[in-house]
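Undergrad: Structure provided below as structure tokens; questions to follow.
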Amino acid sequence: MSNLTISPPTPPETPQIATIHISSMSSNPLLPLQFPTPASLADLHDHLASDALHHLTHNDTPQILVARVKADSDVNADAAADVAAEDDGTGTENITDNGGRGWGRIISFVKWDIIRHRHRPRSQANKPPTASASGSRRLEPGNILPAAAAAVDDAGEEEPPRDQQAHQHSKAEGGGDKVSAAAEVEAQDDNNDESEDEEWPASANREYLTAYAKAASKARREAMGSRPFLHLTFLCTDYRFRGRGAGKALVHAATKAARAEGLPVFLESTTDAVPFYERLGFVMIGKFHMDLPGEAPSAKRAMIYEETLMILENI
Numbered sequence: 000m001s002n003l004t005i006s007p008p009t010p011p012e013t014p015q016i017a018t019i020h021i022s023s024m025s026s027n028p029l030l031p032l033q034f035p036t037p038a039s040l041a042d043l044h045d046h047l048a049s050d051a052l053h054h055l056t057h058n059d060t061p062q063i064l065v066a067r068v069k070a071d072s073d074v075n076a077d078a079a080a081d082v083a084a085e086d087d088g089t090g091t092e093n094i095t096d097n098g099g100r101g102w103g104r105i106i107s108f109v110k111w112d113i114i115r116h117r118h119r120p121r122s123q124a125n126k127p128p129t130a131s132a133s134g135s136r137r138l139e140p141g142n143i144l145p146a147a148a149a150a151v152d153d154a155g156e157e158e159p160p161r162d163q164q165a166h167q168h169s170k171a172e173g174g175g176d177k178v179s180a181a182a183e184v185e186a187q188d189d190n191n192d193e194s195e196d197e198e199w200p201a202s203a204n205r206e207y208l209t210a211y212a213k214a215a216s217k218a219r220r221e222a223m224g225s226r227p228f229l230h231l232t233f234l235c236t237d238y239r240f241r242g243r244g245a246g247k248a249l250v251h252a253a254t255k256a257a258r259a260e261g262l263p264v265f266l267e268s269t270t271d272a273v274p275f276y277e278r279l280g281f282v283m284i285g286k287f288h289m290d291l292p293g294e295a296p297s298a299k300r301a302m303i304y305e306e307t308l309m310i311l312e313n314i
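By numbering that gives the first Met the number 0, the letter at position 187 of the sequence shown is numbered 186, and the numbering carries on one by one without gaps.
In structure tokens form, the structure reads like this:
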């Protein structure tokens, strides 16, 4: 796509990123369970905008990138009409000058965190574990666990399908890389995973946030152990611009950032998106699943929600 450019967003664009994020989650079965009311979705929007800003500003280099398409790009008629008619619900059109780097509409974004584990001295073993997180922010009192998110792209060769991934990331205070602390002689499994530290709005549903967080974090600990890695947490694309290579370009950009740190890239993917990541060099290293309620109150069997753990060694 000749008019596609990759760059960090600007702070005023973070609400637009949150809008794309929530739209991309629309068909994920976890969304209505974790955020069941209009008020909770509004709170989620604010939360995601704050998180995008934190990923942008609380690190030496941004851990969020966006794909832009020029305002005069070749888009299909329906997409062009939608773009002209709507303002993303943020009060401003989703077309900016990107800080002087050229006008363009945000159509996709990627976020990641750098995970580096460390060990506490033996004398510190009885203290509760702490963590510093890059690209994260505590919003409210309480300990509400992470939500699932999804990516929207099509199933074409260069884009992951709708609901490509549903995963959480930690939100602990502090700058720099995420650090998970553990005692030298204590088992890693006894340590709270960084993904269980996020604090979400009180309007969210704790039950399904907690269930997902525990399943995902346990699987991630078992797969990665104490290895440092780049955790690709979110890849979301405006549904009107799927199939244009934005997802592929953003994954390549995140991979480049990981290579600069000498790190592998790890992510959790929905089943439908596995082929997309395999084409980019990722390999499957595990899975996890959780039970969800049936589609109707009278359903006798629960729905099984599953994700695949994938890694790109990036050597």
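In this text, a Cβ means the ideal position worked out from N, Cα and C, and glycines have one as well.
By the DSSP assignment, the alpha helix (DSSP H) with Arg278 in it spans what residues?
TA: Arg278 -> alpha helix (DSSP H) spans Val273 to Arg278.
Undergrad: When you compare each of Pro200, Thr60 and Val264 to Ala8 by their alpha carbons, which one comes out closest?
TA: For the sequence presented, residue 8 should be read as Pro rather than Ala. Nearest of Pro200, Thr60 and Val264 to Pro8, Cα basis: Thr60.
Undergrad: Tell me whether the stretch 242-257 and the stretch 215-223 touch, counting them as touching only if at least three CB pairs, one residue from each stretch, are closer than 8 Å.
TA: Contact annotation: the stretch 242-257 does not touch the stretch 215-223, with fewer than three C-beta pairs closer than 8 Å.
Undergrad: Does Leu262 come out as helix, strand or coil in the three-state DSSP assignment?
TA: coil
Undergrad: When we look at the beta-carbon of His251 and count the other beta-carbons within 10 Å, is it buried (16 or more) or exposed?
TA: exposed
Undergrad: Would you say Asn313 and Val264 are within 7 Å of each other, going by their C-beta atoms?
TA: yes
Undergrad: Of the choices Arg278, Leu231 and Gln15, whose alpha-carbon is the least far from that of Ile114?
TA: Leu231
Undergrad: To the nearest whole angstrom, what separates the beta carbons of Tyr211 and Met289, a pair I think is in contact under 8 Å?
TA: 6 Å
Undergrad: Compute the distance between the beta-carbons of Thr236 and Ser107, then report whether it is under 7 Å.
TA: yes
Undergrad: If you follow the beta strand (DSSP E) that His230 is part of, which residue opens it and which one closes it?
TA: Phe228 to Thr236
Undergrad: Would you tell me roughly how many angstroms separate the C-alpha atoms of Leu47 and Pro274, rounded to the nearest one?
TA: Using only the alpha carbons, I get a separation of about 28 Å.
Undergrad: Mind reading off the beta-carbon distance from His57 to Pro227? Whole number of angstroms is fine, and I expect it under 8 Å.
TA: With a contact defined as Cβ atoms closer than 8 Å, His57 and Pro227 miss out at about 19 Å.
Undergrad: Looking at the structure shown, is Phe240 part of a helix, part of a strand, or coil, going by DSSP?
TA: In this structure, Phe240 counts as helix in the three-state DSSP scheme.
Undergrad: Apart from the five residues just before and just after Ala109, which ones in its own chain have a Cβ nearer than 6 Å to its Cβ?
TA: For the record, residue 109 in the displayed sequence is Val; it is not Ala. For Val109, where only same-chain residues beyond five positions count, the Cβ hits under 6 Å are Leu64, Leu234, Leu249 and Ala253.
Undergrad: Would you kindly check if the distance between the Cβ of Glu306 and the Cβ of Thr269 is under 7 Å?
TA: A contact, by the Cβ cut-off of 7 Å.
Undergrad: Is DSSP giving Glu12 helix, strand or coil here?
TA: helix
Undergrad: Pick from Asp112, Ile16 and Ser39: whose alpha carbon is nearest that of Ile105?
TA: Ile16
Undergrad: I believe Met24 touches Leu30 by the beta-carbon criterion, under 8 Å. Please report the beta-carbon distance rounded to the nearest angstrom.
TA: 5 Å
Undergrad: Return the first residue and the last residue of the beta strand (DSSP E) that Thr36 is part of.
TA: Thr36 -> no beta strand (DSSP E), and no H or E assigned at all.
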